[in-house]
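If you read the protein sequences in the order shown, they are chains A and B. 44 is the number of the first residue of the first sequence in the numbering used here; add one for each residue after it. 20 is the number of the first residue of the second sequence in the numbering used here; add one for each residue after it. Below is one structure, written out as structure tokens, with a few remarks after it.
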Amino acid sequence: MFNLNKNKLITLLKVQYSNMLEYRVEIALWAISGIIPFFMLNIWTNNNLNESINLSNEMLSRYFLSAFFVRQFSVVWVVFTFEEDALLGKLSPYLIQPLNPFFRYLAQHLAEQITRFPFALIIAIIFFLINPGSLWIPSLGLFLCSCLSTFFSFLIQFLIQSIIACLCFWTEKASSIERLLFIPTLFLSGLLAPVISFPEFVKSWIYITPFPYLIDFPANILSGNNTNLISGFLMQIFWILVLFPIFKRTWSLGTKKYTAMGS
Amino acid sequence: MEENIIQVENLSKSFDISSKGPGLRGTLKHFFKRETKSIEVIKNINFGIKKGEIVGFLGANGAGKTTILKILCGLIYPSQGKLSVAGNLPYKRNTNFLKNITLIMGQKQQLIWDLPPIESFYLNAAIYDIAEFEAKKRIKKLSDMLEIEKELYIPVRKLSLGQRMKSELLAALIHKPNILFLDEPTLGLDINAQRNLRKFLQIYNKETNATICLTSHYMKDITSLCKRVICIHEGCLTYDGELEKLLKKISPVKDILIICKTDKDAKELSNSGFFIKNQNQKEITITIKKDSIKSTLNKILNKFEIEDLYINEPPVDEIIGNILVKEKV
Numbered sequence: 044m045f046n047l048n049k050n051k052l053i054t055l056l057k058v059q060y061s062n063m064l065e066y067r068v069e070i071a072l073w074a075i076s077g078i079i080p081f082f083m084l085n086i087w088t089n090n091n092l093n094e095s096i097n098l099s100n101e102m103l104s105r106y107f108l109s110a111f112f113v114r115q116f117s118v119v120w121v122v123f124t125f126e127e128d129a130l131l132g133k134l135s136p137y138l139i140q141p142l143n144p145f146f147r148y149l150a151q152h153l154a155e156q157i158t159r160f161p162f163a164l165i166i167a168i169i170f171f172l173i174n175p176g177s178l179w180i181p182s183l184g185l186f187l188c189s190c191l192s193t194f195f196s197f198l199i200q201f202l203i204q205s206i207i208a209c210l211c212f213w214t215e216k217a218s219s220i221e222r223l224l225f226i227p228t229l230f231l232s233g234l235l236a237p238v239i240s241f242p243e244f245v246k247s248w249i250y251i252t253p254f255p256y257l258i259d260f261p262a263n264i265l266s267g268n269n270t271n272l273i274s275g276f277l278m279q280i281f282w283i284l285v286l287f288p289i290f291k292r293t294w295s296l297g298t299k300k301y302t303a304m305g306s
Numbered sequence: 020m021e022e023n024i025i026q027v028e029n030l031s032k033s034f035d036i037s038s039k040g041p042g043l044r045g046t047l048k049h050f051f052k053r054e055t056k057s058i059e060v061i062k063n064i065n066f067g068i069k070k071g072e073i074v075g076f077l078g079a080n081g082a083g084k085t086t087i088l089k090i091l092c093g094l095i096y097p098s099q100g101k102l103s104v105a106g107n108l109p110y111k112r113n114t115n116f117l118k119n120i121t122l123i124m125g126q127k128q129q130l131i132w133d134l135p136p137i138e139s140f141y142l143n144a145a146i147y148d149i150a151e152f153e154a155k156k157r158i159k160k161l162s163d164m165l166e167i168e169k170e171l172y173i174p175v176r177k178l179s180l181g182q183r184m185k186s187e188l189l190a191a192l193i194h195k196p197n198i199l200f201l202d203e204p205t206l207g208l209d210i211n212a213q214r215n216l217r218k219f220l221q222i223y224n225k226e227t228n229a230t231i232c233l234t235s236h237y238m239k240d241i242t243s244l245c246k247r248v249i250c251i252h253e254g255c256l257t258y259d260g261e262l263e264k265l266l267k268k269i270s271p272v273k274d275i276l277i278i279c280k281t282d283k284d285a286k287e288l289s290n291s292g293f294f295i296k297n298q299n300q301k302e303i304t305i306t307i308k309k310d311s312i313k314s315t316l317n318k319i320l321n322k323f324e325i326e327d328l329y330i331n332e333p334p335v336d337e338i339i340g341n342i343l344v345k346e347k348v
């Protein structure tokens with residue numbers, strides 16, 4: 044089913060990176076459009092909301108900058124591309140190649156992340172120029188842990204969207220199901236507020252969903268906030284292990300329903 | 020006896036299709052209670068294709084030709100029946116099978132739009148586990164054959180339709196497939212591009228002994244490439260055999276263009292009871308049955324002063340156009 048090797052992966056990444064560079068202006072705009080965490084930082088600090096969760100202004104700034112970075116490297120849009128490809132029949136040539144088409148989409152995302160990196164870095168430099176007090180250099184260990192957890196966060200979101208994307212073999216407009224997940228992702232992932240700020244009874248069940256491991260967990264690691272690394276990573280791995288077989292099954296059942304419309 | 024590389028037995032395929040009435044009422048009804056019905060687009064079809072054969076699938080729009088190709092290449096699942104392509108069940112899409120086949124659709128493309136075709140070729144080479152050195156060799160050979168060496172480095176979006184189609188063909192053939200499924204490969208191409216593509220396919224077939232299954236609405240594609248045709252009408256197989264035999268069978272007539280020496284002869288000929296297909300002063304085209312050519316020509320040559328005459332088959336498009344709407348051939 045998957046048939047991926049090193050040579051295929053490297054070539055896919057190289058080609059998709061070349062392709063993404065064709066859209067560098069668009070990607071720069073996308074990077075700029077991901078500055079929600081900075082707006083949230085402004086709201087939090089102007090209203091002194093951080094006092095209620097015992098987080099200093101600097102730590103909060105670092106959290107939201109980290110959230111911005113995590114978001115930059117875990118944005119997923121596979122459901123929209125896949126849906127268009129499936130509905131217009133563009134999927135057909137990929138389906139008869141000895142490589143699962145989702146690897147193309149995965150490579151597109153990874154290539155886009157590499158393309159985003161310099162733009163995200165420029166935004167971070169501007170942020171530090173405006174808030175010099177927030178400047179910090181994480182330890183190598185924490186930096187690597189946050190990179191790994193960001194990648195896991197990306198994988199979780201990629202798997203969730205891929206499962207939803209496969210539903211378009213049945214419903215045609217699967218992206219509308221993805222929109223249902225937009226609100227919980229926005230509120231529960233830590234993009235608008237650190238999950239620590241939520242009431243205790245809400246936190247108790249939020250942590251068993253995949254949402255806090257998408258932004259909050261990696262952002263807390265990178266910003267140096269207190270977080271339980273082991274349980275966070277275990278939950279991320281747990282969700283990947285749960286979602287992967289669901290994706291595999293949905294894909295296998297969905298391709299049987301494929302009618303190669305539009306071609 | 021040589022075994023068939025493609026074997027199809029009692030193949031059927033049904034699709035569930037929802038229908039919607041016109042206007043607001045139809046829209047609301049469609050919203051609350053969607054009516055779907057199962058439509059059988061392929062009905063109990065049987066055929067076999069030998070290695071190296073070029074077979075044309077003929078049929079009107081919606082007859083089921085493309086659906087058959089999609090089933091044969093493993094894109095869609097059959098509803099019923101047995102099929103085997105190069106010893107594989109296509110819908111299982113196992114790696115060996117996928118490395119053996121290719122599908123080219125005239126209206127769909129696999130090349131990456133914003134990059135030069137060479138990037139897509141190397142990507143395909145990697146996907147099919149072809150080493151870089153070998154890939155370069157194949158790209159060189161195929162681009163020479165297709166005459167697209169210069170276009171390899173120009174972004175796909177800047178190429179003409181013909182250049183794009185040739186690039187699509189190269190991308191689809193880089194892994195040297197043994198079986199080619201071509202769905203209207205010359206769609207939208209100008210006459211020269213069509214001719215070049217046909218020439219390329221003939222050479223490819225000769226050099227590699229590849230099996231080619233082709234659908235096309237351009238009869239020239241069929242007549243110049245396919246000795247054998249399979250006619251499909253509303254999902255049923257109506258003819259499977261040699262194209263020449265089919266043409267003889269369904270068109271037992273010939274057109275004779277007669278150029279008379281004088282206006283008087285032309286007038287007399289036009290009034291002598293033959294079926295006149297066309298008349299332009301001294302040039303008259305009559306249609307006669309094939310089995311009466313000799314006697315008719317004797318009669319005409321003895322009775323009238325003739326400057327020249329030509330015996331023609333009626334245009335293939337005309338004949339095949341008639342087949343497409345027939346339930347039985």
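Ideal Cβ placement from N, Cα and C applies to all residues, glycine included. Owing to the predicted nature of the structure, the values given are computational and were not obtained by experimental measurement.
Item, Value
"Same chain, Cβ closer than 7 angstroms to PHE287 (chain A), neighbours up to 5 away in sequence not counted", "LEU202"
"Inside the stretch 183-242 of chain A only - alpha helix (DSSP H) runs reaching at least 4 residues", "183-209, 211-214, 218-231"
"Outcome for PRO196 (chain B) when other beta-carbon atoms lying within 10 angstroms are tallied against a minimum of 16", "buried"
"Three CB pairs or more closer than 8 angstroms across the stretch 104-120 of chain A and the stretch 157-172 of chain A", "yes"
"Within chain A, the residues that GLY93 (chain B) reaches when beta carbons sit closer than 9 angstroms", "LEU138, ILE139"
"Min CB distance GLY267 (chain A) to chain B below 8 angstroms", "no"
"Within-8 angstroms CB hit, THR46 (chain B) to chain A", "no"
"Among B:GLU54, B:GLY75, B:PHE34, nearest to ASP259 (chain B) - alpha-carbon criterion", "B:GLY75"
"As assigned by DSSP and simplified to three states, the class of PHE293 (chain B)", "coil"
"C-alpha gap between ASN18 (chain A) and LEU142 (chain B), whole angstroms", "Only positions 44 to 306 of chain A appear in the structure, and residue 18 (chain A) is not among them; the question remains open."
"Residue from B:ILE198, B:ASN290, B:LYS52, B:GLU153 whose Cα sits closest to the Cα of CYS92 (chain B)", "B:ILE198"
"Any C-beta of chain A under 8 angstroms from that of TYR172 (chain B)", "no"
"Assigned exposure category for ASN48 (chain A) - 16 Cβ within 10 Å defines buried", "exposed"
"Nearest-angstrom beta carbon gap, LEU262 (chain B) and CYS250 (chain B) [assumed within contact, 8 angstroms]", "At roughly 10 angstroms, the Cβ-Cβ gap does not stay under 8 angstroms, so CYS250 (chain B) and LEU262 (chain B) are not in contact."
"Which listed residue (B:LEU178, B:MET124, B:PRO136, B:PHE116) has its alpha carbon closest to that of ASN107 (chain B)", "B:PHE116"
"TYR106 (chain A), buried or exposed, once every other Cβ within 10 Å from all chains shown has been counted against 16", "buried"
"Where PHE81 (chain A) sits in the DSSP three-state scheme", "helix"
"is_contact[LEU149 (chain A), chain B] using C-beta, thresh 8 angstroms", "no"
"8 angstroms Cβ cutoff, ASN100 (chain A) in contact with chain B", "no"
"Cβ neighbours of LEU103 (chain A) in the same chain (closer than 7 angstroms, five flanking residues each side left out)", "LEU84, TRP87, THR88, ASN93"
"Distance CB(LYS280 (chain B))-CB(GLU324 (chain B)) smaller than 8 angstroms", "yes"
"Exposure label - PHE152 (chain B); buried when at least 16 CB within 10 Å", "exposed"
"Rounded Cβ spacing between ILE90 (chain B) and THR230 (chain B) (contact assumed at less than 8 angstroms)", "Not confirmed; about 16 angstroms, so no contact."
"ASP310 (chain B) to GLU72 (chain B) span [Cα, whole Å]", "32 angstroms"
"Residue-chain proximity (TYR256 (chain A), chain B), Cβ-Cβ < 8 angstroms", "no"
"Residue of B:ILE275, B:LYS48, B:SER186, B:LYS160 minimising C-alpha distance to LEU171 (chain B)", "B:SER186"
"Identified DSSP bridge partners for VAL74 (chain B)", "B:CYS232, B:ARG247"
"Beta-carbon contacts of GLN59 (chain A) that lie in its chain and below 6 angstroms, excluding the five residues immediately before and after", "ALA150, GLN151, ALA154"
"Listed by chain order, chain A residues near LYS118 (chain B) by CB distance under 7 angstroms", "PRO141"
"Cβ of LYS299 (chain A) within 8 angstroms of any chain B Cβ", "yes"
"Cβ-Cβ distance between LEU198 (chain A) and ILE75 (chain A) below 8 angstroms", "no"
"Minimum length 3: unbroken beta strand (DSSP E) runs contained in the stretch 271-317 of chain B", "272-279, 294-299, 302-308"
"Cβ-based neighbour list, LYS118 (chain B), same chain, cut-off 7 angstroms, excluding 5 preceding and 5 following", "TYR147, HIS194"
"GLN99 (chain B): first and last residue of the uninterrupted beta strand (DSSP E) it sits in", "99-104"
"Inter-residue spacing [alpha-carbon to alpha-carbon] between ILE269 (chain B) and SER295 (chain A)", "46 angstroms"
"Presumed contact (8 angstroms Cβ cut-off) between LEU88 (chain B) and CYS232 (chain B), rounded CB distance", "6 angstroms"
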